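*Asks:*
Numbering (the working numbering), first residue to last: 8 to 929.
#1: Just grab the DSSP bridge partners of residue 734 for me.
#2: Between the beta-carbon of residue 96 and the beta-carbon of residue 135, is there less than 9 Å?
#3: So residue 2 and residue 190 are supposed to be a Cβ contact under 8 Å. How far apart are they, rounded?
#4: Give the straight-line distance between the Cα atoms of residue 274 and residue 312, rounded to the nearest whole angstrom.
#5: Measuring CB to CB, does residue 505 end up less than 9 Å from residue 530?
#6: For residue 597, write down the residues that DSSP places opposite it in a beta bridge.
#7: Specify, as a first and last residue, the run of the beta strand (DSSP E) that residue 460 falls within.
#8: Can the beta-carbon of residue 829 be found closer than 9 Å to that of residue 835?
#9: From which residue to which residue does the alpha helix (DSSP H) around residue 810 run?
#10: Can you tell me whether residue 745 is helix, strand or coil according to DSSP?
#11: If contacts are defined as beta-carbon pairs under 8 Å, then residue 334 and residue 272 qualify, I think. What distance do you get, rounded to the angstrom?
#12: Would you check if the distance between the CB atom of residue 862 and the CB atom of residue 802 is smaller than 9 Å?
#13: If you draw a straight line from the alpha carbon of residue 912 to that of residue 50, how long is it in whole angstroms?
#14: Hey, out of 470, 536, 838, 866, whose CA is closest to residue 261's CA?
#15: From the DSSP secondary-structure annotation, give me the bridge partner or partners of residue 931.
#16: In the DSSP assignment, find the unbroken alpha helix (DSSP H) run with residue 684 in it and report its ends.
#17: Quick one: give me the first and last residue of the alpha helix (DSSP H) that residue 720 is part of.
#18: Using a Cβ-Cβ cut-off of 6 Å (strictly less than) and excluding sequence neighbours within five positions of residue 434, which residues of its own chain qualify?
#19: Whole angstroms are fine: how far does the CA of residue 636 sit from the CA of residue 173?
#20: Pull up the distance between the alpha-carbon of residue 554 and that of residue 595, whole angstroms please.
#21: Which residue wins for smallest C-alpha separation from residue 288, given the options 299, 304, 237?
#22: Sorted by chain position, which residues of the same chain lie with C-beta nearer than 7 Å to residue 699's C-beta, five sequence neighbours on each side aside?
#23: Is residue 346 buried or exposed, if buried means 16 or more other CB atoms sit within 10 Å of its CB?
#24: Run the CB neighbour count on residue 547, radius 10 Å, all protein chains shown included, and call it buried at 16 or more, exposed below.
#25: I'd like to know whether the C-beta atoms of residue 730 and residue 721 end up nearer to each other than 9 Å.
#26: Indicate whether residue 778 and residue 154 have their beta-carbon atoms separated by less than 9 Å.
#27: Apply the 10 Å Cβ neighbour rule to residue 756 and answer buried if 16 or more other Cβ atoms are within range, or exposed otherwise.
#28: Does the Cβ of residue 116 have 16 or more other Cβ atoms within 10 Å, making it buried, or fewer, making it exposed?
#29: Classify residue 816: buried if its beta carbon has 16 or more other beta carbons within 10 angstroms, exposed otherwise.
#30: How is residue 561 classed by DSSP in three states: helix, strand or coil?
#31: Considering only the alpha carbon of each residue, which of 467, 476, 579 lies closest to residue 510?
#32: Which same chain residues, not among the five before or five after residue 584, have their C-beta less than 7 Å away from its C-beta?
#33: For the pair the stretch 382 to 397 and the stretch 426 to 445, tell me if three or more CB-CB distances fall below 8 Å.
#34: Give me the Cβ distance between residue 932 and residue 216, rounded to the nearest whole Å; I'm assuming they're in contact under 8 Å.
#35: Measuring CA to CA, which of 156, 877, 902 is closest to residue 61?
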């Protein structure tokens with residue numbers, strides 16, 4: 008027989024095992040209260056739950072962190088409130104001290120209290136801690152504050168030197184009491200020069216060009232013949248008492264009847280006498296004239312019965328002149344002595360007149376001359392006289408203006424103003440005032456005295472015309488003067504290239520005539536930034552020589568219109584004062600034509616040694632070669648516009664020890680600054696030239712920027728210093744616009760040791776004050792990520808931060824109550840303009856600090872609330888995922904138990920059935 012398995016029992020047994028496991032699981036869930044005991048229960052649910060549990064624990068720590076942070080901030084808040092209270096007390100004390108019922112001793116006592124409060128505020132800042140951590144001392148710069156500070160003296164500006172040999176010859180360690188090193192400007196001078204036009208086929212004009220040629224003039228010659236009625240028999244009777252003029256001398260013929268008389272011409276000048284008492288013929292009279300007359304500038308001879316007068320030289324042709332003269336008789340006037348009023352006894356002298364001084368520029372200001380004056384109490388009476396500056400006058404009744412009556416100069420006593428003896432006289436308010444008509448010290452020599460002495464006039468005897476007439480034998484001529492001829496034949500063209508060569512030869516040169524104090528200097532205004540556009544010789548060139556500019560740029564206009572270079576140049580120079588020149592014209596054609604030659608003439612036909620000269624002025628100047636500097640400078644990899652930011656150089660005036668020009672480079676793209684206060688003090692004349700070099704990265708562009716921005720500023724300052732450039736060469740030239748020497752210490756008493764000088768770096772009394780505002784930057788973590796946190800910023804509350812000063816620049820001693828200025832600085836002023844006091848600013852700083860802390864405390868409280876909410880939500884969510892459903896688990900346990908029991912019963916029955924079958928087989 009075969010034995011087979013009990014399949015039913017096996018099936019029942021399998022179900023029993025399953026139900027037993029369900030019972031055990033449900034039993035475990037009920038025991039732990041969790042439906043997920045391990046990853047095997049629910050892998051994804053287990054992972055989510057574990058993450059949530061980590062999050063819940065992190066949120067717990069975050070909550071603790073925020074609570075600690077809030078506690079820390081409240082500690083800082085309380086400390087700052089204490090500082091606010093102290094500063095309020097300080098303000099009360101300052102207000103008390105500002106009351107003038109307090110003495111200096113009282114204020115000193117108040118200051119001691121205030122100083123203690125200052126120390127206490129600093130102590131609070133230094134000692135306020137939380138868990139031994141300082142709270143009110145900053146560890147981070149929150150803000151950088153730049154401001155300008157004005158000093159009483161000039162100081163070198165930090166890091167302002169350009170360096171790398173820009174000022175390569177700065178060899179003077181000290182000049183004029185100032186520390187260098189310095190380089191000095193080339194000094195102004197005039198040197199001989201030349202104009203070489205040979206490259207264009209022209210001539211060379213040397214520094215000195217002698218005049219030659221010229222022709223002698225002819226001497227003038229005249230003759231005098233007595234009238235037809237004059238003969239040997241009556242010559243003496245006819246000529247006696249008649250007048251004849253020979254050259255510039257007046258004569259009267261006399262004989263024994265009138266030899267003792269005195270004759271006058273022009274009413275006051277004594278005529279010479281020619282005594283013809285011994286003459287018995289016309290010829291003998293001529294001999295007498297020749298022997299007696301003054302022959303200065305002439306020679307006298309006779310030709311038959313004629314007197315011949317010839318100029319001694321053609322330059323004296325005006326002396327060769329003979330004519331007759333006459334005068335009517337006039338009675339003599341007696342001398343008169345008019346008594347004075349007593350106002351001017353003793354004599355009085357005007358005073359207070361001063362001469363003008365200075366050259367009329369900033370360093371040698373023109374001080375105008377003043378007029379001398381005299382004021383006396385009292386007024387004149389009629390019938391009295393006075394003498395002013397040697398001129399007398401008599402006072403008469405009425406208000407008549409000054410006039411001469413019967414040879415007496417008179418004026419009315421009621422005339423309120425008149426002129427006499429080089430003075431203007433005013434009579435007003437019972438006073439007489441005399442003011443010199445001409446300003447200057449010469450007026451101090453005018454004397455006013457009592458009385459008026461009238462010397463009278465002599466009797467004028469009648470003189471009749473000498474009969475006869477003059478015949479001109481030779482009118483004479485002046486001749487031709489020596490000359491220098493400038494040949495411009497090579498420039499009978501309109502070629503522009505030739506014209507530019509011509510301009511380049513003449514520009515910078517000065518043309519002059521040795522007989523005159525004039526220089527004509529050629530400039531070229533085409534490029535205003537070029538040195539060629541600048542005059543280098545001015546009107547005080549050699550203290551008395553005058554100079555003028557001639558602009559060669561006008562040639563371009565003239566040549567462009569069709570005029571030749573030679574003709575255009577002649578138009579510029581011919582006819583100028585002091586050159587004594589003219590164009591050489593060809594008169595053989597009509598109209599006459601310019602021969603392309605200019606002649607410069609000597610002052611006379613006899614003048615020798617006169618020359619036409621070429622000079623050249625050299626300005627007081629210094630040239631900076633930025634291109635050469637740039638090629639060797641180590642800029643640290645920075646572009647030029649950044650490397651030069653904040654750097655510069657300074658140039659000093661030649662005649663003012665306290666004046667210099669700071670040239671400062673600024674890159675406006677790197678920082679924005681408030682307007683800088685004006686540099687300088689009462690004792691220091693500092694000129695600031697600011698150059699914005701943003702985007703400037705080549706030396707050529709740099710010098711162009713210096714000219715474009717700097718020259719307008721220098722012209723506005725208007726004090727000699729100017730700049731020009733050569734852009735292609737990358738050079739900048741600073742120059743003193745005075746085209747003259749400054750060595751005369753009468754005009755320039757402050758002339759410097761070596762004249763103008765230059766140095767690297769900037770020297771200024773306005774400096775940039777950089778102050779840092781510090782905060783204590785603390786991290787309060789409120790998440791489980793390192794980068795996601797709260798940065799708590801607690802402002803530093805030391806006194807330097809509260810009052811806003813930089814330690815080392817100022818101290819608390821500057822905030823005392825010992826002077827009115829310091830008290831006003833602490834309290835502020837109502838203005839205008841209104842100025843907020845340092846105390847109010849400090850209180851606002853502390854209030855703002857506490858406000859910031861309060862806002863951060865509120866932030867902490869909100870953060871704590873958010874953390875708690877997050878924590879509760881996360882805990883709830885985790886509970887849903889992991890915690891067991893007790894009712895469901897209980898039901899599952901009961902079901903599993905019932906099924907397990909049923910399975911056991913069925914298995915028992917199944918096993919019993921199998922046993923019965925086996926027993927039957929036995």
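A virtual CB, placed ideally from N, CA and C, is assigned to each residue, including glycine. None of these values were measured; they are calculated from a predicted model.
*Replies:* Put simply:
#1: Walking along the chain shown from the start, residue 734 turns up at place 727. Bridge partners of residue 734 according to DSSP: none are assigned.
#2: Within the chain shown, residue 96 is the residue found at index 89, counting from 1. Within the chain shown, residue 135 is the residue found at index 128, counting from 1. Not a contact, by the Cβ cut-off of 9 Å.
#3: The first residue shown for the chain is 8 and the last is 929, placing residue 2 beyond what the model contains.
#4: The count along the chain shown starts at 1 and reaches residue 274 at position 267. The count along the chain shown starts at 1 and reaches residue 312 at position 305. Pairing residue 274 with residue 312, the inter-Cα distance amounts to about 32 Å.
#5: Start at 1 with the first residue of the chain shown, and residue 505 comes out as number 498. Start at 1 with the first residue of the chain shown, and residue 530 comes out as number 523. Using a Cβ distance threshold of 9 Å, residue 505 and residue 530 do not count as a contacting pair.
#6: Position 590 of the chain shown, counting from 1, holds the residue named residue 597. Paired residue(s): none; residue 597 is not in a bridge.
#7: Locating residue 460 in the chain shown gives position 453, counting from the first residue. For residue 460, the enclosing beta strand (DSSP E) starts and ends at 459 to 461.
#8: If you number the chain shown from 1, residue 829 lands on position 822. If you number the chain shown from 1, residue 835 lands on position 828. The beta carbons of residue 829 and residue 835 sit no closer together than 9 Å.
#9: For the purposes of this step, residue 810 is taken as the residue at position 803 of the chain shown. Residue 810 -> alpha helix (DSSP H) spans 806 to 810.
#10: Along the chain shown, one-based indexing puts residue 745 at 738. In the structure shown, residue 745 adopts coil according to DSSP, grouped into three states.
#11: As a position in the chain shown, residue 334 is number 327, starting the count at 1. As a position in the chain shown, residue 272 is number 265, starting the count at 1. Indeed, because the Cβ distance is near 6 Å, the residues count as touching under 8 Å.
#12: Here residue 862 corresponds to residue number 855 of the chain shown, with the count starting at 1. Here residue 802 corresponds to residue number 795 of the chain shown, with the count starting at 1. Contact: no.
#13: Numbered from 1 along the chain shown, position 905 holds the residue referred to as residue 912. Numbered from 1 along the chain shown, position 43 holds the residue referred to as residue 50. For the pair residue 912 and residue 50, the Cα-to-Cα distance works out to about 36 Å.
#14: One-based indexing of the chain shown puts residue 261 at position 254. Its Cα nearest to that of residue 261, the residue 470 stands out among 470, 536, 838, 866.
#15: Residue 931 lies beyond the range of the chain shown here (8 to 929); nothing can be said about it.
#16: Looking up residue 684 in the chain shown gives position 677. Premise fails: residue 684 is in no alpha helix (DSSP H) and is neither H nor E.
#17: Locating residue 720 in the chain shown gives position 713, where the first residue counts as 1. Following the DSSP letters along the chain, one finds residue 720 inside the alpha helix (DSSP H) bounded by residues 718 to 724.
#18: Here residue 434 is taken as the residue at index 427 of the chain shown, counted from 1. Excluding sequence neighbours, residue 434 sits near 386, 423.
#19: Position 166 of the chain shown holds residue 173. Position 629 of the chain shown holds residue 636. Approximately 6 Å between the Cα atoms of the pair.
#20: One-based indexing of the chain shown puts residue 554 at position 547. One-based indexing of the chain shown puts residue 595 at position 588. Taking the straight line from one Cα to the other gives about 37 Å.
#21: Along the chain shown, read from residue 1 onward, the residue named residue 288 stands at position 281. Closest option to residue 288, Cα to Cα, is 237.
#22: Here residue 699 corresponds to residue number 692 of the chain shown, with the count starting at 1. Only 673, 675, 716 meet the Cβ criterion.
#23: Taking the first residue of the chain shown as 1, we reach residue 346 at position 339. The C-beta of residue 346 has fewer than 16 other C-beta atoms within 10 Å across all chains shown, which makes the residue exposed.
#24: Taking the chain shown and counting its residues from 1, the one referred to as residue 547 is at position 540. Reliability of the predicted coordinates at residue 547 is poor, the pLDDT of 49 falling under 50, and the value obtained from them is presented with this limitation in mind. Result: buried.
#25: In the chain shown, the residue the question calls residue 730 occupies position 723. In the chain shown, the residue the question calls residue 721 occupies position 714. Yes, Cβ-Cβ distance for residue 730 and residue 721 is below 9 Å.
#26: Start at 1 with the first residue of the chain shown, and residue 778 comes out as number 771. Start at 1 with the first residue of the chain shown, and residue 154 comes out as number 147. A contact, by the Cβ cut-off of 9 Å.
#27: Counted from its first residue, the chain shown places residue 756 at position 749. Classification of residue 756: exposed, given that the 10 Å Cβ count is below 16.
#28: As a first step, residue 116 must be located in the chain shown, where it is residue number 109. Answer is exposed; the Cβ neighbour count stays below 16.
#29: Numbered from its first residue, the chain shown carries residue 816 at position 809. Classification of residue 816: exposed, given that the 10 Å Cβ count is below 16.
#30: Within the chain shown, the letter at position 554 stands for residue 561. Note: residue 561 maps to helix in three-state DSSP.
#31: For the purposes of this step, residue 510 is identified with residue 503 of the chain shown, where counting begins at 1. If we check each option's Cα against that of residue 510, 579 comes out closest.
#32: As a first step, residue 584 is located in the chain shown; it is residue number 577 there, counting from the start. Only 525 meet the Cβ criterion.
#33: At 8 Å Cβ cutoff, the stretches touch.
#34: Residue 932 lies beyond the residue range present for the chain, which begins at 8 and ends at 929; the question has no answer from this structure.
#35: Along the chain shown, read from residue 1 onward, the residue named residue 61 stands at position 54. If we check each option's Cα against that of residue 61, 877 comes out closest.
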